[in-house]
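Each residue of the sequence shown is one higher than the one before, counting from 235 in my numbering. The beta carbon of each residue, even a glycine, is placed where N, CA and C say it ideally should be. The next block holds one structure in the form of structure tokens; read it before the comments.
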Amino acid sequence: MDVRKTKDGLVRGHRAASDIVAFLGIPYAAAPFGVNRFREPRPVQAWEGVRECQDFGPVAPQSARLPEAPFWSPGDEDILTLNVWAPASDSGPVPVLVWIHGGAYTFGTSAQPEFNGTALAGAGLVVVTFNYRLGFEGFGHIPPGAEPPYPENRGLLDQIAALQWVRENIAAFGGDPANVTVAGQSSGAASAACLMVMDRARGLFRRVIAHSVVGPCYSRELAAETTRRVAAEAGIPATSTRLTSATPHALVAASDRVVDSYRQEPGSGPRHYNPVIYGPVVDGDILPCDSLSATAAGASGTVDLMVSHTTQECWLMDAVGSSAKVTTDEQLASFARDFHLPDDLVPGYRKLLPDAPVLDIYLAIFGDLLFSEYTTRLAERHAQAGGRTFMSCFARHRKGPEGVIRPWHCADIPFAFGNLTLKSVEFLIGGPPDAADQELSQRMMGAWAGFATAGDPGWSPLDGPTTTPHVWDTADSPAGAQNTTAARDLWHHADFSPLRP
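So this is what it looks like as structure tokens:
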């Protein structure tokens, strides 16, 4: 059964394991270039014969070069493709897990080795991963001037198109179109949170797994300000005509220069510390309201939600040099002012971390600000609105040759996918896995499979503000959650409204 029939034509995959067939690079929408550029995704043109789906599709325009993953080449256009790992035999309808990769809405690809779906498919799922438009192509604001106007949130529209493809085609791969779980990490998790509250995505899935949800959404004013800066760096007027005629390469390069300008300028406000310039835009149409407020209002109540975050998220950003260094009390005070943090928050973290250097206090606060607090708030708002909600956190430490390997951003995903032995993930997890790591990975995969199958990861759902999150580490000890609970009290008055200029 290495050939399956989709609504657009036949596809042939290859054996990823004795009982799993992988189908790579299946187009789910037409190439978003030429007349389709900056528009909503358009249907694929059907093909004759059998389409060979042995290789991942082209990467979306970006400048990143990720370990052991393909990179973007100017001229690659057929980027809206997906990948399916499915049972080799016809065993009846199987739960479906659809993965949205992260990467600051700017980089990343479904072809990253850690997202290989073979192990998860072996746990009893049909696994789907896909590429979508990133950066300016996917999330850049284009000023009025064209008829019809160019939509915001094109990357989210691509994600919806991929989910529509799943609904229409996944039965041919043994998947159950009525039992779909959307999963994602970082900006992929935030995308999933947006899909939970979008009318256009309603009915396409019944559960969401969201790891390290980054927030908040962007206002139209901030999106427009970003466009003006990108246009200036590209040397063109910020008009719809000039922006849409600029090459993808020119807009990627201009966006990178804008990011670098924020990184180099301490007085540039919040973006100096984490210069992510693209994200979902609250436009009043495609995304009518930010995901946190809409979730609190009950817009996602029919969707089961399982969230997780790592306990030391931002240590990764410091290790790879993608965030600003804050090493003095003066810099820490400026950081707190730039983000309008509550007055008692920095002193509160000093009490929680009495012997920590300034850099560690900053990284702890910033990780909670960007990921942990937003993730937890999303879970609590969903539960308070009547949604079934599960919480967890990843706290696995390990001693490596150069010190302690922290539970930082992205470290949890190779465990959840069962891809621990890859060379490309050794930096994330601190070297080759040991037996305890493999056992942790099996438990995490089991939780994902259990939740995707029947909405039960193996622990109790959120029930009130005192519920302790399930903790993932090699001893499964709840100790790592205690400091997280204490830190949460300091965030009571923090604001997560859509970001503005």
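Check                                                                                         : Outcome
H483 - partner residues in DSSP beta bridges                                                  : H483 is not bridged to any residue.
Cβ-based neighbour list, Y496, same chain, cut-off 7 Å, excluding 5 preceding and 5 following : S502, R505, H506 and P509
Best match in W706, K241, A250 and G309 for proximity to P261 [C-alpha to C-alpha]            : K241
Cβ neighbour criterion (16 or more within 10 Å) applied to E282                               : exposed
Rounded straight-line distance, which links the Cα of A405 to that of E459                    : 44 Å
In DSSP terms, what I404 is bridged to                                                        : For I404, which the question treats as bridged, DSSP gives no partner whatsoever.
Candidates W693, H643, W682 and C523, of which the one nearest G337 by Cα                     : H643
Cα-Cα separation, P213 to D310                                                                : Residue 213 is absent from the model: the chain starts at 235 and stops at 735.
Secondary structure of H704, DSSP reduced to three states                                     : strand
Residue closest to A613, alpha-carbon to alpha-carbon, out of P471, D433, D552 and H543       : H543
Straight-line Cα distance separating Y452 from G714                                           : Low confidence applies here, because G714 scores a pLDDT of 47, under 50, leaving its location unreliable and the question unanswered by this model.
Reduced DSSP secondary structure (H/G/I, E/B, other) of C627                                  : strand
Beta-carbon proximity of Y366 to G513, cut-off 9 Å                                            : no
Inter-residue CB distance, L217 and P277 (contact presumed, cutoff 8 Å)                       : Only positions 235 to 735 of the chain appear in this structure, which leaves residue 217 out of reach.
Entirely enclosed alpha helix (DSSP H) segments - the segment 500 to 575, minimum 4 residues  : 525 to 530, 549 to 554 and 563 to 572
When W549, E564 and S252 are compared against S557, the one with the closest alpha-carbon     : W549
Coil, strand or helix - V360 by DSSP                                                          : strand
Option in A530, G535, S446 and W319 with minimal Cα separation from A251                      : W319
For I254 and T494, the rounded distance between their alpha carbons                           : According to the sequence as given, residue 494 is Asp; it is not Thr. Those two C-alpha atoms are separated by around 43 Å.
Near the ligand SAM: R276 beta-carbon under 8 Å from a heavy atom                             : In the structure on display, the ligand SAM does not appear, and there are no ligands present to speak of.
Alpha helix (DSSP H) segments (min. 4 residues) lying fully within the segment 347 to 398     : 352 to 356 and 369 to 373
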